[in-house]
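Line by line, the protein sequences are chains L and F.
Under the numbering used here, think of the first position of the first sequence as 68, with each following residue one higher.
Under the numbering used here, think of the first position of the second sequence as 533, with each following residue one higher.
Note sheet for the following structure.
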Amino acid sequence: MMIRTALRLAGILVTSVTLSACSGLGVKPWERDLHAREDMQPNGMDMAIDDHIYFSKEASSGGRSFAGGGCGCN
Amino acid sequence: MQLKKFASLGGALAAATCGLLGSQPSVASAAGEEAGWQSDTSLLYYGESDSRVTDVSLRTALRRAWDDGSKLSGSLTLDSLTGASPTGAVPTDSVQTFTRPSGKGQYTIGSNEQPLDDTFKDTRIALTANWDQPLGDAMRYGVGLTFSTEYDYRHMGANGRFEHDFNQRNTTLQVGMAYARDSIDPVGGAPIGLHPMKGQGDSSSKLGNDSKSVIDLLIGVTQVVSRRSLLDLSYTYSRAGGYLNDPYKLLTVVDNTGRPVGVDPYLYESRPDARAKHGLFSEWRYAFDEDSLALSYRYMFDDWGIKSHTLEGRYRWNFDERTYLEPHLRYYMQSAADFYRTYLESGATLPVNASSDYRLADLDAWTAGIKFAHKTSLGEFSARLEYYRQTANPQPGGVGLLNTYDLVPPLTAIIGQIGYRLNF
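Spelled out as structure tokens, the structure:
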């Protein structure tokens, strides 16, 4: 139960900090070099494979994107 | 290292130049989207312990991007599934006989063994196609189609996305919607929920095929926090309606000694015919001078009573411009669905819905893995190895003999993947 409560609190904290701080954040166009790096982009292939595996083994799916699915998945 | 510095400088110059020209990459469509073709192919092996499910899957994705930011992409996946899957029935101290889903045969499970249906075999073909198009400087839309077919299941779906950049492109708002219509044509027919599994040739507990539909909604924000970090936040809503049962899952009705009772002790599972899921997802990505880190947290809950937490982290350790190692850790936990039952007790009132599918049980899962990739002039080669372990808890309180078994044994799987990506 402790872990569950802690996880929930962590989620609420991340969400609230982000929502309250959005407007003043950001960089100038010439400061985007690190964000433009290939390793800062999500890997679509691995994500799609993982989503499909977890969709068929757990009750939750998606989150990052649509919930996925499209299989009988036994 | 020197190369890397030049590459970073090049990136900075490119970004600055783009800015001057008024076409700097936005948060959501930054690098990795340079004009031209890209192909990405992976061969996946997923193997569960104890001769359970094995999946060998080939997935190839092709993308063509143009200078104006428009993009056409598609993927093809071929899955070959074999092995045995738990039926949901509980073990007992005598041999158990089950009718095959087709109704045309039987199989037996030895005493004290977990009932598994070893006829599990399927081939799945899945296709996706997407088109992404900029709408002026600060907006984009995308539309997509999805299709998959396997022996007893067919999926057709369509989706649309819209993105808008704000705050000097430091904030990107994304909204999306997807609709899917799936038809289910189980071997031997779709069972009627909580009706008994009958013997060979008796299909009185089964109907023909059935269908379900799913609507997904998504709203997300990507925020550049600093030169080094950004945050993704999204809320997803998913509503499914129709036939949501697993047509091959059973529940055992036991007496007060914990043994199967009556002539037809196995009932087909029954789930509600609607499900609404809510998901909150956040991911923080951070760029070090050389390496990068991605941490994510997802909270999901639905009206079946399932709540889940997922924590995931990836550290990309860039040895040099061409080689990296990426350790990956994931932790998942969920509470059981309200109607999850490991078994049913005779004499008690039959619930409206019940399923003993372990995926609806109270469970925890760990994944630990590592990926290695190396770029050459012929493209990027990668290899990934992961270990997945899931432990689930049966419903609280045991009955007689059932206390002596591990009713929901742990699931262990090895995931191996090799990949090849080429830009041309």
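Cβ atoms here follow ideal geometry from the backbone N, Cα and C, with glycine treated the same way.
Remember, predicted model here, so these are calculated numbers, not experimental data.
Cβ neighbour criterion (16 or more within 10 Å) applied to residue i
i: Ala616/F; result: buried
i: Ser128/L; result: buried
i: Lys636/F; result: exposed
i: Trp598/F; result: exposed
i: Arg596/F; result: exposed
i: Val786/F; result: buried
i: Arg131/L; result: buried
i: Tyr711/F; result: exposed
i: Ala945/F; result: buried
i: Gln732/F; result: exposed
i: Asp821/F; result: exposed
i: Glu566/F; result: exposed
i: Glu682/F; result: buried
i: Leu613/F; result: buried
Nearest to residue i (by Cα), restricted to the options the options
i: Leu739/F; options: Leu750/F, Val719/F, Ile751/F, Val757/F; result: Val719/F
i: Gly811/F; options: Thr768/F, Gly642/F, Arg803/F; result: Thr768/F
i: Lys124/L; options: Ser887/F, Pro792/F, Arg891/F, Trp836/F; result: Arg891/F
i: Gly674/F; options: Thr614/F, Asp734/F, Ala661/F; result: Ala661/F
i: Ala868/F; options: Val746/F, Val940/F, Arg686/F; result: Val940/F
i: Thr789/F; options: Arg701/F, Leu934/F, Tyr683/F, Tyr780/F; result: Leu934/F
i: Leu782/F; options: Gly601/F, Val588/F, Leu876/F; result: Leu876/F
i: Gly752/F; options: Leu857/F, Pro728/F, Ser814/F; result: Ser814/F
i: Pro792/F; options: Leu827/F, His841/F, Ser909/F, Val627/F; result: Val627/F
i: Ile837/F; options: Ala893/F, Ser888/F, Arg854/F, Tyr798/F; result: A quick correction: the sequence has Gly, not Ile, at residue 837/F. Looking at the Cα atoms, Ala893/F is the closest of the given residues.
i: Gly929/F; options: Arg873/F, Arg916/F, Ile902/F; result: Arg873/F
i: Thr703/F; options: Val884/F, Pro666/F, Leu763/F; result: Leu763/F
Three-state secondary structure (DSSP) of residue i
i: Asn935/F; result: helix
i: Ser715/F; result: strand
i: Met688/F; result: strand
i: Ala560/F; result: Note that Ala560/F has pLDDT 46, beneath the 50 cutoff, so the model's placement of it is unreliable and the number below is only indicative. In the structure shown, Ala560/F sits in coil (DSSP, three-state: anything other than H, G, I, E or B).
i: Trp816/F; result: strand
i: Gly91/L; result: helix
i: Gly554/F; result: Because the pLDDT of Gly554/F is 35, which lies under 50, any placement of that residue in the model is unreliable, and the question is left without a value.
i: Asp100/L; result: coil
i: Asp587/F; result: strand
i: Ser127/L; result: coil
i: Arg891/F; result: helix
i: Asp572/F; result: strand
i: Asp600/F; result: coil
i: Ala580/F; result: The amino acid at residue 580/F is misidentified as Ala; the sequence shows Glu. In the structure shown, Glu580/F sits in a strand (DSSP, three-state: E or B).
i: Glu565/F; result: coil
i: Met671/F; result: strand
i: Glu645/F; result: coil
i: Cys138/L; result: coil
i: Met107/L; result: helix
Limits of the alpha helix (DSSP H) - the one that residue i falls within
i: Ala115/L; result: 111-124
Rounded Cβ spacing between residue i and residue j (contact assumed at less than 8 Å)
i: Ile716/F; j: Tyr639/F; result: That pair is no contact at about 23 Å.
i: Arg760/F; j: Tyr829/F; result: Going by Cβ atoms, the distance from Arg760/F to Tyr829/F rounds to 19 Å, so no, they are not a contact pair.
i: Tyr863/F; j: Leu843/F; result: 5 Å
i: Gln922/F; j: Pro942/F; result: 6 Å
i: Leu882/F; j: Tyr800/F; result: About 12 Å; that fails the 8 Å criterion.
i: Thr586/F; j: Gly579/F; result: 5 Å
Unbroken beta strand (DSSP E) run spanning residue i, endpoints
i: Ile641/F; result: 638-641
i: Arg848/F; result: 839-850
i: Ile950/F; result: 943-955
i: Phe904/F; result: 894-908
i: Phe871/F; result: No beta strand (DSSP E) holds Phe871/F; DSSP gives it neither H nor E.
i: Ala616/F; result: 603-618
i: Gln628/F; result: 628-631
i: Leu799/F; result: 798-800
i: Ser758/F; result: Here Ser758/F belongs to no beta strand (DSSP E), and DSSP marks it neither H nor E.
i: Arg830/F; result: 824-834
Test: residue i CB closer than 8 Å to a CB of chain B
i: His727/F; result: Looking at the structure shown, chain B is missing, and the protein chains on hand are L and F.
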